Structures are given as structure tokens and as C-alpha cells.
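Undergrad: Right, I'll just put the structure down here and ask away after.
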Amino acid sequence: MGLMDGKVALVTGAGRGIGREVARLLAAEGARVVVNDLGAGLGGEGEDDSPAADVVREIEAAGGQASANTDSVAESAGAERMVAQAVADFGRIDAVVNIAGILRDTMMHKMTEAEWRAVIEVHLNGSYFTSRAALPHMREQETGSLVHFTSTSGLNGNVGQANYAAAKMGIVGMSRVIALEGGRRNIRSNCIAPFAWTRMIESIPVQSEEQAEAFEKFRVGSTAAHMAPMVAYLTSDAASAVSGQVFGVRGNEIYLMSQPRPIRTLHKGDGWSPADLAAMLEPSLRNDLLPLDGTGEYYSWDPI
């Protein structure tokens, strides 16, 4: 008996990397899986049927059930077809795992509108399209789970990734609202921020021996396979009490991430003027202001 026996899952971006490992593990846990992957390059260019088909063959060779889909998550019609395929092939849709993504990294002052829109379309709009397509089925079934992949590039920040960070933080807000709205129908929604050696990480230029050494430890210590068990858990009934949360997965570490809440307050009975704020705000809150540490600075230890 697996955690996902009898369930049907759609995994986007499942032809390579984290998506491939997630699809394979969900199938091993008993799920029937729609393996979606456009087969595009890291920047979203091109199409290739083979990554999704290869994963389906791997799942079937291991005794599981799966079907391949090569629609684009960036198109609402494509997302509708993915969900329709799950229902047609396997009778229902119990889980959606939104992993598909691209990168168009550049500094904000150099970023083109096309670079901005391309990343928003795939990550944020893609997660919306698949979720929107699946939710009516889940509401009718009165059960379902959505897992969306966010990033510490949004949660903490990363130079050169304003488009990616904006999309990934938008996903967090969307997931929280889906969780709030879906609770009465036993529909859950959670986010995972992965730390895993994938082709996205491989694309980062190595600029020093120190960075090369850190990357090698990361490559070995936090792999795509480390991400999959958390997805299998969150999409299963074992996580029925977990919704609206943001988790990080890094090697053998699992983090429960904070979400924005007030940590300090300032009050002035007769109201604030700009001069009052200039005199009082920064000195009063100095010890609580968040430093400008990006992902690389904050997570300074090797994967455990």
C-alpha cells in the first residue's frame, strides 16, 4: 500500500529534474500520473516530446500507470487539456503539482518586457491555469491537493531574478487563498521552496574556486530526488491537516517557512508626520529591520 493508492496526479515540468523525480515517486506510491512537459529549453525555447514520454516509460517499466502530455502551462487551453486528460485516462484528478518553469535572468534595470512576461506567464499564470482547471473537479469530489513550487529567490531574494521572484511570491499568495477557499471542500494548497541541483542551478556561472566548491557540495547534498518525498506526503491524505503552508526542502532538511505577520508596532496618539517618522521609525525598529541577505547569504551552511 502506498500513500497515493487510488489517486490521480498531474505533475507539470515532469520530464526532467525535480518533476521527473516527483512523477516517479508518486507513481511508486500508487498514483496514476499525467506527466506533463513541453520539452522546452531552460529559457522556454523549443519543444520536445521525448522527456515526458521517457518518464512514462520509466513509470510503466516499474509497474506504474502514467500518460504523457506536452501542452504548455502558459496557455489556459493547454492546462484544461491536461486536466481533461487525467479525467479521461484515469477517471479523476486528485492532485496537481506545479513545477514547470523557465529562467530569463537579468538585472532589473536591464530586464526587457519580454523577459518579464515570459517568466510570469510560465510560473505564475501557469500555476493559475492548472489550478483553475482542476479545482471544479476537486470541488465536486470534495477532495484534492495542490502543491506549487515557489522559490527562496522570492522569499529571500536573489540578484538578477526580479521576474522569477515576483512570480514565485505571487504563487505563495495564490496558494494561501486557494487554501482558504478550498477548506470547506477538503481541498488543500501548499508551497514548496526547493533547494536542489537542477539544470537551473547548473546555468549559474561559476566565478570562483570557492563558488565551485560550494556548488559541488550542493550538487551531491541536495538533489532533485530529495524533493519528491515531501510532495508525495503533501498530496496524500496523510497531510489532510496541512494547508496554506510554505515549506523549504534542502537535502535532508525540511523548513516550515514564516509568512508575513506584524512583528513590531509603533503608535502615536496624535498621528504621524513625515518629520516624526524621520525621527522615530528607523531608530525604533532598527534591531528588527530585515537585513538585505539574499538566498546565498542566508543559507550559508552546506546541505545536511
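Counted the way our numbering counts, the sequence shown spans residues 25 to 328. Using N, Cα and C, we set each Cβ at its ideal position, and we do this for glycine too. Only a predicted model underlies this, so the values are computations on that prediction, with no experimental measurement involved.
(1) Please confirm if the segment 58-65 is in contact with the segment 119-135, defined as three or more CB-CB distances below 8 Å between the two stretches.
(2) Could you give the residue range of the alpha helix (DSSP H) that holds residue 74?
(3) Need the endpoints of the beta strand (DSSP E) that residue 34 sits in, please.
(4) Counting along the chain, where does the beta strand (DSSP E) carrying residue 371 start and finish?
(5) How about residue 174 and residue 195: are their beta carbons less than 7 Å apart?
(6) Assuming residue 179 contacts residue 217 under a Cβ cut-off of 8 Å, what Cβ separation, rounded to an integer in Å, is found between them?
(7) For a minimum of 3 consecutive residues, which ranges assigned as the beta strand (DSSP E) are wholly contained in the segment 112-165?
(8) Taking 7 Å as the threshold (C-beta atoms), are residue 26 and residue 45 in contact?
(9) Taking residue 71 as the reference, which of 104, 37 and 90 has the closest Cα?
(10) Indicate the three-state DSSP secondary structure (helix, strand or coil) for residue 327 in the structure shown.
(11) Would you identify the three-state DSSP class for residue 94, choosing helix, strand or coil?
(12) Is residue 57 near residue 50, with beta carbons less than 7 Å apart?
(13) Compute the Euclidean distance between the alpha carbons of residue 172 and residue 138, then round it to the nearest angstrom.
(14) Okay, do the segment 158-166 and the segment 249-267 touch, 3+ Cβ pairs below 8 Å being the bar?
(15) With a threshold of 6 Å on Cβ separation, who are the neighbours of residue 8 within its own chain once the five nearest residues in sequence on each side are excluded?
TA: Let's see:
(1) Taking 8 Å as the limit for Cβ pairs, the verdict is that the segment 119-135 does touch the segment 58-65.
(2) Numbered from its first residue, the sequence shown carries residue 74 at position 50. Start and end: 74-85.
(3) By 1-based counting over the sequence shown, the position of residue 34 is 10. 32-35 is the extent of the beta strand (DSSP E) around residue 34.
(4) This structure does not reach residue 371, given that the chain is present from 25 up to 328, and the question cannot be answered.
(5) Here residue 174 corresponds to residue number 150 of the sequence shown, with the count starting at 1. Here residue 195 corresponds to residue number 171 of the sequence shown, with the count starting at 1. Yes, they are a contact pair.
(6) In the sequence shown, counting from the first residue as 1, residue 179 sits at position 155. In the sequence shown, counting from the first residue as 1, residue 217 sits at position 193. Taking a contact as a CB-CB distance under 8 Å, the pair residue 179 and residue 217 counts as one, their CB atoms being some 6 Å apart.
(7) Taken in chain order, the complete beta strand (DSSP E) segments of 3 residues or longer contained in the segment 112-165 are 119-122.
(8) The residue given as residue 45 occupies position 21 in the sequence shown. The residue given as residue 26 occupies position 2 in the sequence shown. No, Cβ-Cβ distance for residue 45 and residue 26 is not below 7 Å.
(9) Counting from 1 along the sequence shown, the entry for residue 71 is found at position 47. Taking only the C-alpha atoms, the option nearest residue 71 is 37.
(10) One-based indexing of the sequence shown puts residue 327 at position 303. DSSP places residue 327 in coil when its eight states are reduced to three.
(11) The residue you call residue 94 lines up with position 70 of the sequence shown. Here residue 94 sits in coil by DSSP.
(12) Position 33 of the sequence shown holds residue 57. Position 26 of the sequence shown holds residue 50. Using a Cβ distance threshold of 7 Å, residue 57 and residue 50 count as a contacting pair.
(13) Numbered from its first residue, the sequence shown carries residue 172 at position 148. Numbered from its first residue, the sequence shown carries residue 138 at position 114. Each residue's CA atom was taken as its position, placing residue 172 and residue 138 some 24 Å apart.
(14) Counting C-beta pairs with one atom in each stretch, the segment 158-166 and the segment 249-267 have fewer than three that are closer than 8 Å, which means they do not touch.
(15) Nothing about residue 8 can be reported from this structure: the residues present for the chain run from 25 to 328 only.
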